[in-house]
Amino acid sequence: MDKHLIKTIEDLSLNAWPSHQIQFYDGWLLRFSYFYTHRTNCVEQMGPSTIPTEEKISYCEQVYKGWGTPSIFKISPLIPAEFDNQLWKRGYEIQHSTDCMIADLTEAVPVKNRQLTVDISNIIPDSWIQALFTLKNTTNIMHRTVVPSMYNAIPKRTLCASITINGKIAATGLGILDRDYIGIYAIHVHPDFRRQHAASTLCATLLNAGREQGATKAYLQVVSDNRPAIGLYHSLGFRYLYTYWFRVLPLHK
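Each residue of the sequence shown is one higher than the one before, counting from 0 in numbering that gives the first Met the number 0.
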C-alpha cells in the first residue's frame with residue numbers, strides 16, 4: 000500500500016471540500032458543517048498527538064454534542080487499526096464506506112454521447128448550486144444556507160460542469176485542480192435522464208478539460224457499494240486505490 004500516495008489524495012480532498020467551520024486540536028481537525036456530509040463534519044487526524052487519545056476523543060465528543068451533531072471520525076489506511084478498535088469499544092458504528100480511485104491522464108478520455116452539450120465554467124454560479132440541491136433533494140434550510148459559502152470557499156481552481164435539457168440543469172459535475180491532479184466531484188444526474196451516458200459524458204469532459212489545463216492524474220471518491228458508479232469509473236480508466244470509512248457515535252449514546 001502506497002501511503003505516500005494515499006496521503007496526497009487525502010490532502011487534495013481536504014483542499015477540495017472545505018467545511019463550514021474548522022477547529023484545530025492537538026494535531027486533529029474538527030470539521031463542522033451542520034452534518035451536511037460526513038466528510039465535512041468529522042475529525043481528521045493530521046499530525047502527532049501530545050494529549051492522551053481517550054482524553055482527546057472525549058473532548059471531541061463534547062464539541063460535537065454542543066454542535067448538535069454526531070461525533071464522527073474519519074478512518075483511512077493512515078490511521079492505526081488500534082484507534083479504529085478504540086472507537087468501536089466506545090460504541091462507534093461504521094458508516095459511509097468510500098472507495099478512492101485514481102487514473103492517469105496520458106491520453107484524452109473518449110466521450111460516449113457527443114449529442115449532450117456540457118457547459119463548463121471556472122466559477123461556481125449560484126444557479127449550479129441550486130440545481131445541485133434539487134438533484135440531491137436537499138431541503139434542509141441550514142444546509143441550503145451554508146453550503147453555497149462552502150463551495151465558494153474552495154481554494155483551488157474549479158471546473159464547474161452542467162448539462163442543460165429543456166432549459167433546466169439535468170446533470171452536474173465539478174472538477175477541482177490541485178498540483179498535477181484533477182478531482183472529480185458532485186456528479187449527479189436527474190433520474191429522468193439516466194442511462195443516456197450523461198454521467199460518463201460529464202466526467203470525460205471534465206477529465207479532458209483538466210488535462211488541457213495541466214493535470215496528468217485524476218482521483219475521485221465513490222460509495223463502496225455503488226456498483227454502477229464504480230463500473231462507470233472503471234470504464235473511464237480509474238482504478239481502486241484505498242477505502243476509508245467513518246466511525247459515528249449516535250447522539251443518543
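Ideal Cβ placement from N, Cα and C applies to all residues, glycine included.
- DSSP places residue 55 within a helical segment (H, G or I) once states are collapsed to three.
- A Cβ-Cβ distance of about 22 Å is found for the pair residue 130 and residue 207, leaving them out of contact under the 8 Å criterion.
- Where residue 2 is concerned, the enclosing alpha helix (DSSP H) starts and stops at 2-15.
- Contact annotation: residue 181 and residue 135 have beta-carbon atoms that are not nearer than 9 Å.
- The count of Cβ pairs closer than 8 Å, one atom from the stretch 231-239 and one from the stretch 187-195, stays below three, leaving the stretches out of contact.
- Secondary structure of residue 111 (DSSP, three-state): coil.
- Counting along the chain, no alpha helix (DSSP H) covers residue 106, and no H or E run does either.
- For residue 229, the enclosing alpha helix (DSSP H) stretches over residues 226-234.
- The beta-carbon distance between residue 78 and residue 240, rounded to whole angstroms, is 16 Å. This is too long to meet the 8 Å contact definition.
- In terms of Cβ geometry, residue 63 and residue 57 do not form a close pair [threshold 9 Å].
- Annotation for residue 157: the continuous beta strand (DSSP E) segment containing it runs 156-164.
- DSSP places residue 123 outside both helix and strand once states are collapsed to three, so it counts as coil.
- The criterion of a C-beta distance shorter than 9 Å is satisfied by residue 228 and residue 221.
- Taking every protein chain shown into account, the CB of residue 199 has 16 or more other CB atoms within 10 angstroms, so this residue is buried.
- For residue 202, the secondary structure class from DSSP, reduced to helix, strand or coil, is helix.
- Here DSSP, grouped into helix, strand and coil, assigns residue 25 to coil.
- According to the DSSP assignment, residue 70 belongs to the beta strand (DSSP E) that extends over 70-74.
- Between residue 76 and residue 2, the gap from beta carbon to beta carbon is short of 9 Å.
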